[in-house]
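This report concerns only the one structure given below.
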Amino acid sequence: MKPSSHSSIPSDGSHHTQPKKPAARPAVPVNLDVRAYFAEGAPDNSQPWLLNPEIPSPDEIMGTGSETEFVDLLPNRIVGPWSSKNEYLKAHYELLREDAVAPLRDAVAYFREDPDIQDMNIVSIYEKVCVATRIQFSTIRSGKNIVWEYSKRLRTGTIVALSPSDDSFRNKCVVAVVAARPLNGVKQHPPEIDIYFARSIDADFDPHQEWVMVEARDGYFESMRHTMTALQKMSRER
1 MKPSSHSSIP SDGSHHTQPK KPAARPAVPV NLDVRAYFAE GAPDNSQPWL
51 LNPEIPSPDE IMGTGSETEF VDLLPNRIVG PWSSKNEYLK AHYELLREDA
101 VAPLRDAVAY FREDPDIQDM NIVSIYEKVC VATRIQFSTI RSGKNIVWEY
151 SKRLRTGTIV ALSPSDDSFR NKCVVAVVAA RPLNGVKQHP PEIDIYFARS
201 IDADFDPHQE WVMVEARDGY FESMRHTMTA LQKMSRER
């Protein structure tokens, strides 16, 4: 019998079938309409809530913005219709943003009031922070050894606030999101994580400057940020 192109007959006469190469997956064309939808920005004459950045600004975290940046939250209406689609989207966006931002804003306020506070059940403080794309830090204020395999600290998507140690959020605040928390990074001494800056201008650091970093233990920013962005997009749909 003549062997097929996918088989071979070794010298001992036994027959082995060689594995077939996996078929190449067809290329999926890019949907340019979807790309344009997400790339489209809000018009210049949009309402303030539509112009909010995805990640909060330092002023929003520090509570030092202008009066126009502070909003009266509408209650979530569960009985009866809303007066308009825009009112519904605006109310839910602002309620969701408050849930997402308030824990870190409160954590920074606690630290500003007492820069020597230790870790609490709603606030984590990290010292000796050296900032780059990858940062290292000390967890001495936790007062215990952290089992990173089971800890919820600094999960990917967590929002954090940083300030120079000699400033302690009196004047300077940098907002960032945890981009990656590899286990082998946080288990080394000192621990390391990767962060993403809310504004590219904030990535200009003196490598010899020591920082302090504050993390709110309540809430999880990553679970809300995409919904907030979607609500802004939906306001432009007909």
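Positions 1 to 238 (full-length UniProt numbering) are the ones given, in order, by the sequence shown.
Beta carbons are placed, not taken as given, at the ideal position from N, Cα and C, and that holds for glycine.
Check, Outcome
"At least 3 beta-carbon pairs within less than 8 Å: the stretch 203-220 vs the stretch 180-191", "no"
"Neighbour-count burial assignment, threonine 227, 16 or more Cβ in a 10 Å radius", "exposed"
"Which of helix, strand or coil DSSP assigns to lysine 128", "strand"
"Three-way DSSP call (helix, strand, coil) for alanine 176 in this model", "strand"
"Buried/exposed call for isoleucine 135, threshold 16 Cβ in 10 Å", "buried"
"DSSP three-state assignment for phenylalanine 197, whether helix, strand or coil", "strand"
"Of the listed residues Tyr196, Met224, Tyr220, nearest to alanine 179 (C-alpha basis)", "Tyr196"
"Valine 214 and leucine 162 closer than 9 Å at C-beta", "yes"
"Proline 103 and isoleucine 78 closer than 9 Å at C-beta", "no"
"Span separating the alpha-carbon of threonine 68 from that of tryptophan 49", "Below a pLDDT of 50, predicted positions are generally treated as unreliable, and threonine 68, at 48, falls in that range; no measurement from the model is reported."
"Where aspartate 218 falls: helix, strand or coil (DSSP)", "coil"
"Limits of the beta strand (DSSP E) - the one that phenylalanine 137 falls within", "134-138"
"Between the CA atoms of proline 81 and glutamate 156 - distance to the nearest angstrom", "The residue asked about is misnamed: residue 156 is threonine in this sequence, not glutamate. Rounded to whole angstroms, threonine 156 to proline 81 spans 38 Å at the Cα level."
"Residue(s) in a DSSP beta bridge with isoleucine 159", "Val177"
"Collapsed DSSP secondary structure at proline 182 in the structure displayed", "coil"
"Residues of its chain near aspartate 119, where Cβ-Cβ distance is below 7 Å and the 5 sequence neighbours each way are ignored", "Ile125, Arg141, Ser142, Gly143"
"Straight-line gap, phenylalanine 111 to aspartate 166 (C-alpha atoms, nearest Å)", "13 Å"
"Serine 83 versus serine 235: straight-line alpha-carbon distance, rounded", "14 Å"
"Expected contact under 8 Å - CB spacing of leucine 183 and tyrosine 93 to nearest Å", "The Cβ separation is near 35 Å, so there is no contact."
"Contacts around leucine 73, its chain only, beta-carbon distance under 7 Å, and the 5 residues preceding and following it disregarded", "Glu94, Leu95, Glu98"
"Coarse secondary structure for methionine 213, derived from DSSP in three states", "strand"
"Beta-carbon contacts of alanine 107 that lie in its chain and below 6 Å, excluding the five residues immediately before and after", "Val123, Val214, Ala216"
"Expected contact under 8 Å - CB spacing of valine 212 and serine 168 to nearest Å", "7 Å"
"Bridge partners - glutamate 192, DSSP secondary structure assignment", "Gln136"
"Reduced DSSP secondary structure (H/G/I, E/B, other) of valine 108", "helix"
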